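A.B. asks:
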Amino acid sequence: MRPEIENHWYPVAMCSGITTPRETLLLGKTITLGGQPGAFWVRDAAGNNLQVVERYGHLWTSPGQPERPLFTIPEAEEQGRRLVDCGSIKVRCSPLRAVENFLDIAHFPFIHTDILGAESHTEVERYDVKIREDENEVWATKVKFFQPQAAQSADGGITTDYMYRVAAPTVSVLYKTCPPRPGAWDVITLFVQPLTEEWCEVWPWMALYDDTTPMSDLVSFQQMIFMQDRSILENQIPVKLPLDPGMETPTQADLTSVAYRRWLKKIGYTYGAQVVAA
Amino acid sequence: MILYDYILSASCYKVRLMAALLSRPLQLKAVNFHPLKEHKSPEMLALNPAGTLPILVDGPLVLTDTAQMLRHLVSSQAADWQSDQDAQWLAFAQTLNDTLGAARLHDILSYDVDIEQARKDGVKQLRTLEEHLSEQRIDGLGFLTGDRPTVADIACFPNTALAPDGGISLDPYPSIRLWLRDIRALPGFIEMPGIHRLHELATPPGASL
């Protein structure tokens, strides 16, 4: 497989969920993982040890030689945040489709009706999108959206501020208004493990300022949101994410998606992508 | 009434949906079924030694069987939501859970299930359901036991509607799809992740009805 695809960090397990050694798939190939905190290991099918990093509640590995260390989320290291392991959900879709869906705001009123959006408030105001060359990341900032129930800790509707970040081809980090703590950002991530080009395991993870909501309610809220997306993701056509304009016509609300696709093309990341114009 | 609940469980949703259709308030207690397996924790096992969800607590009464919960919810409704044919469909709902529901848990949460067998058996149940609903439709009846919904419909609805989550398409079953639509159109209907509301029937923004 090409280095443009292999030389990235991928999530393969939730650290707290690793008990006995188990097999999984990464980029279509079988890997085995196991061990204990501080001593986790991942091996390829030939028995070679792959590099591992334990961070943000998850075990990360790479089948290649990543050019950079694993991305950082400085906000997630702040004292006082609750770190929420959300488990994983498998989806029959391209890993890139899963990330792209996470970056999209326009679907909130229709798929997460009366939770992350309302049918009476569908407008996506203009926001800024940039490919940051130094960090090699995609960032969308100054995103605003009206939400009836933005988080488990939110009472009633508020206009929520967002920032979206693509930190690696299958990793997205979302920063959003934190209802109990104005000025701070809640961190919600979507770590996507590409099992194959059309099948992925999604590991959401959160670092929140919320001292009151029971942990099971936080997890339940996140799983509810993600499962509302799953049936949509499994029915998207073409299954692979087209990197060239063709069948899908973006609108102004899709600026982040446009930048994400451009960036994938620029860095040569084509796993789960359709590269020929449809 | 307290419902020990898991948002992605089709069985828990049966109880939430039935209560919503009856406008009966439920106090929901979220249980971290995945990833923490909290339903197997000592506290939950003390309440339900079988370690299953949902659990419905109504005063001194603790129910752990979903069919019994539905019966309990409608017991105060005189004849509404009940039929003398409910028992067979409540049993049928259990087979849907064992087949379509198992396939879904396999596909979403990686449960250890013989997936080919679960899908094969699930399709068999869907064909039985399709045949029955088609005959009902010919007789001018839109629901499982007659011209109005009962606990039978609510028990069979979730796992059927969620079949695609387990890799089983509902495209070949027109009568099932019309029936699903009729249930989604019921006053007081609530959705669950994977079962979307009928947006086209919602009140348009700004409209006064």
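Here the protein sequences line up with chains A and B, keeping their order.
Just so you know, we're using the working numbering here: the first sequence kicks off at 1 and counts up by one.
Just so you know, we're using the working numbering here: the second sequence kicks off at 279 and counts up by one.
Glycine residues also receive a C-beta, built at the ideal position from the N, C-alpha and C atoms.
It should be emphasised that the depicted structure is a prediction, and the values quoted were computed from it without experimental measurement.
Among A:Val276, A:Val258, A:Leu96, A:Tyr269, which has the Cα closest to the Cα of Gln236 (chain A)?
C.D. replies: Walking along the first sequence from the start, residue 236 (chain A) turns up at place 236. Taking only the C-alpha atoms, the option nearest Gln236 (chain A) is A:Leu96.
A.B. asks: Distance cutoff 9 Å, beta carbons only. Does Asp385 (chain B) sit that close to anything in chain A?
C.D. replies: As a working note, residue 385 (chain B) is residue 107 in the second sequence. For Asp385 (chain B), the answer is yes, since a Cβ of chain A falls inside 9 Å of its Cβ.
A.B. asks: From Tyr389 (chain B) to Tyr284 (chain B), what distance separates their C-alpha atoms?
C.D. replies: As a working note, residue 389 (chain B) is residue 111 in the second sequence. As a working note, residue 284 (chain B) is residue 6 in the second sequence. If you take the alpha carbons of Tyr389 (chain B) and Tyr284 (chain B), they lie about 16 Å apart.
A.B. asks: Please compile the residues from chain B whose C-beta is within a distance smaller than 8 Å of the C-beta of Phe108 (chain A).
C.D. replies: The residue you call residue 108 (chain A) lines up with position 108 of the first sequence. Residues of chain B passing the Cβ test: none, with the nearest at roughly 13 Å.
A.B. asks: Which residues in chain A have a C-beta closer than 7 Å to the C-beta of Glu316 (chain B)? List them in chain order.
C.D. replies: For the purposes of this step, residue 316 (chain B) is identified with residue 38 of the second sequence, where counting begins at 1. Those within 7 Å of Glu316 (chain B) in chain A are Ser216.
A.B. asks: Would Leu190 (chain A) and Leu174 (chain A) be called neighbours here (beta carbons separated by less than 9 Å)?
C.D. replies: Position 190 of the first sequence, counted from the first residue, corresponds to residue 190 (chain A). Position 174 of the first sequence, counted from the first residue, corresponds to residue 174 (chain A). Yes. Within cutoff.
A.B. asks: Answer yes or no: does any C-beta atom of chain A fall closer than 9 Å to that of Asn326 (chain B)?
C.D. replies: By one-based count along the second sequence, residue 326 (chain B) stands at place 48. Cβ-Cβ to chain A under 9 Å: no for Asn326 (chain B).
A.B. asks: Kindly indicate which three-state DSSP category Trp367 (chain B) falls into: helix, strand or coil?
C.D. replies: By 1-based counting over the second sequence, the position of residue 367 (chain B) is 89. DSSP places Trp367 (chain B) in helix when its eight states are reduced to three.
A.B. asks: From which residue to which residue does the alpha helix (DSSP H) around Met329 (chain A) run?
C.D. replies: Nothing about residue 329 (chain A) can be reported from this structure: the residues present for chain A run from 1 to 278 only.
A.B. asks: Check the DSSP bridge columns for Glu137 (chain A) and list the partner residues they point to.
C.D. replies: Stepping through the first sequence from its first residue, residue 137 (chain A) is reached at position 137. In DSSP, Glu137 (chain A) forms a bridge with A:Arg132.
A.B. asks: Look at Gln223 (chain A) and Pro204 (chain A) and say whether their C-beta atoms are less than 9 Å apart.
C.D. replies: What you label residue 223 (chain A) is simply residue 223 of the first sequence in a count that begins at 1. What you label residue 204 (chain A) is simply residue 204 of the first sequence in a count that begins at 1. Result yes, Cβ atoms of Gln223 (chain A) and Pro204 (chain A) sit closer than 9 Å.
A.B. asks: Check whether the Cβ atoms of Thr256 (chain A) and Ala140 (chain A) sit closer than 9 Å, and answer yes or no.
C.D. replies: On the first sequence, position 256 is the one that residue 256 (chain A) refers to. On the first sequence, position 140 is the one that residue 140 (chain A) refers to. Cβ atoms of Thr256 (chain A) and Ala140 (chain A): closer than 9 Å.
A.B. asks: Can you give the Cα-Cα distance for Ile89 (chain A) and Ala380 (chain B), rounded to whole angstroms?
C.D. replies: What you label residue 89 (chain A) is simply residue 89 of the first sequence in a count that begins at 1. What you label residue 380 (chain B) is simply residue 102 of the second sequence in a count that begins at 1. Rounded to whole angstroms, Ile89 (chain A) to Ala380 (chain B) spans 15 Å at the Cα level.
A.B. asks: What runs of the beta strand (DSSP E), each 3 residues or longer, lie entirely inside the stretch 34-82 of chain A?
C.D. replies: Entirely contained in the stretch 34-82 of chain A, the beta strand (DSSP E) runs reaching 3 residues are, in chain order, 39-44, 49-55, 58-62.
A.B. asks: Are the C-beta atoms of Ile285 (chain B) and some chain A residue less than 9 Å apart?
C.D. replies: The sequence position of residue 285 (chain B) within the second sequence is 7, counting from 1. Yes, contact with chain A.
A.B. asks: Who are the neighbours of Ala356 (chain B) on chain A, taking C-beta pairs under 8 Å?
C.D. replies: Counted from its first residue, the second sequence places residue 356 (chain B) at position 78. Ordered by position in chain A, no residue passes the 8 Å Cβ test against Ala356 (chain B), which lies about 32 Å from the chain.
A.B. asks: Between Gly329 (chain B) and Arg382 (chain B), how many whole angstroms is the CB-CB distance? I'm expecting something under 8 Å.
C.D. replies: Your numbering for residue 329 (chain B) matches position 51 in the second sequence. Your numbering for residue 382 (chain B) matches position 104 in the second sequence. With a Cβ gap of about 19 Å, Gly329 (chain B) and Arg382 (chain B) do not count as contacting.
A.B. asks: Between Arg55 (chain A) and chain B, is the shortest Cβ-Cβ distance under 9 Å, so that the two count as touching?
C.D. replies: Your numbering for residue 55 (chain A) matches position 55 in the first sequence. Answer no: the Cβ-Cβ gap between Arg55 (chain A) and chain B never drops below 9 Å.
A.B. asks: For Ile31 (chain A), list the residues DSSP reports as bridge partners.
C.D. replies: Looking up residue 31 (chain A) in the first sequence gives position 31. Answer is A:Thr24, A:Asp44.
A.B. asks: Got a sec? Which residues, its chain only, sit under 7 Å from Pro442 (chain B) by beta carbon, not counting five neighbours each side?
C.D. replies: Translated into the one-based positions of the second sequence, residue 442 (chain B) becomes position 164. Once the five neighbours on either side are set aside, the close Cβ partners of Pro442 (chain B) are Leu448.
A.B. asks: Are at least three pairs of beta-carbons, each pair with one atom in the stretch 99-119 of chain A and one in the stretch 154-172 of chain A, less than 8 Å apart?
C.D. replies: Taking 8 Å as the limit for Cβ pairs, the verdict is that the stretch 154-172 of chain A does touch the stretch 99-119 of chain A.
A.B. asks: Would a check of beta-carbon distances place Met227 (chain A) closer than 9 Å to chain B?
C.D. replies: Residue 227 (chain A) sits at position 227 when you count from the first residue of the first sequence. Closer than 9 Å to some Cβ of chain B, the Cβ of Met227 (chain A) qualifies, so yes.
A.B. asks: If we define contact as Cβ-Cβ less than 9 Å, is Leu487 (chain B) a contact residue for chain A?
C.D. replies: For the purposes of this step, residue 487 (chain B) is identified with residue 209 of the second sequence, where counting begins at 1. Bear in mind that the predicted position of Leu487 (chain B) carries a pLDDT of just 48, short of 50, making it too unreliable to give a figure here.
A.B. asks: So, Asp336 (chain B) versus Met279 (chain B), is the Cβ gap smaller than 9 Å?
C.D. replies: Taking the second sequence and counting its residues from 1, one reaches residue 336 (chain B) at position 58. Taking the second sequence and counting its residues from 1, one reaches residue 279 (chain B) at position 1. The answer is yes: Cβ separation under 9 Å.
A.B. asks: Specify, as a first and last residue, the run of the alpha helix (DSSP H) that Ala433 (chain B) falls within.
C.D. replies: Reading the second sequence from its first residue, position 155 is the one you call residue 433 (chain B). Element bounds for Ala433 (chain B): 429-439.
A.B. asks: For the stretch 108-117 of chain A against the stretch 31-45 of chain A, are there 3 or more C-beta pairs whose distance is under 8 Å?
C.D. replies: Verdict: no, contact absent.
A.B. asks: Below 8 Å, can you find three or more Cβ-Cβ pairs linking the stretch 175-195 of chain A to the stretch 231-246 of chain A?
C.D. replies: No, the stretch 175-195 of chain A is not in contact with the stretch 231-246 of chain A.
A.B. asks: Just reading off the alpha helix (DSSP H) that Thr256 (chain A) is part of, what are its end residues?
C.D. replies: On the first sequence, residue 256 (chain A) is found 256 positions in, with the first residue counted as 1. Run containing Thr256 (chain A): 255-267, per the alpha helix (DSSP H) assignment.
A.B. asks: In its own chain, which residues sit with a C-beta less than 7 Å from the C-beta of Asp392 (chain B), not counting the 5 before and 5 after it?
C.D. replies: Numbered from 1 along the second sequence, position 114 holds the residue referred to as residue 392 (chain B). None.
A.B. asks: Is there a Cβ of chain B sitting closer than 9 Å to that of Lys266 (chain A), yes or no?
C.D. replies: The sequence position of residue 266 (chain A) within the first sequence is 266, counting from 1. No, Lys266 (chain A) lies away from the interface with chain B (no Cβ there is under 9 Å from its Cβ).
A.B. asks: Per DSSP, what are the beta-bridge partners of Ser488 (chain B) in this structure?
C.D. replies: The question about residue 488 (chain B) has no answer here: the residues shown for chain B are numbered 279 through 487.
A.B. asks: Is the beta carbon of Val42 (chain A) less than 9 Å from the beta carbon of Thr32 (chain A)?
C.D. replies: For the purposes of this step, residue 42 (chain A) is identified with residue 42 of the first sequence, where counting begins at 1. For the purposes of this step, residue 32 (chain A) is identified with residue 32 of the first sequence, where counting begins at 1. A contact, by the Cβ cut-off of 9 Å.
A.B. asks: Would you please state the rounded distance, in angstroms, between the beta carbons of Leu422 (chain B) and Asp431 (chain B)? I believe it to be under 8 Å.
C.D. replies: Stepping through the second sequence from its first residue, residue 422 (chain B) is reached at position 144. Stepping through the second sequence from its first residue, residue 431 (chain B) is reached at position 153. So it is a contact: roughly 5 Å between Cβ atoms.
A.B. asks: Please say whether Tyr260 (chain A) and Val138 (chain A) have beta carbons closer to each other than 9 Å?
C.D. replies: Against the first sequence, residue 138 (chain A) aligns to sequence position 138. Against the first sequence, residue 260 (chain A) aligns to sequence position 260. In contact: Val138 (chain A) and Tyr260 (chain A) (Cβ atoms closer than 9 Å).
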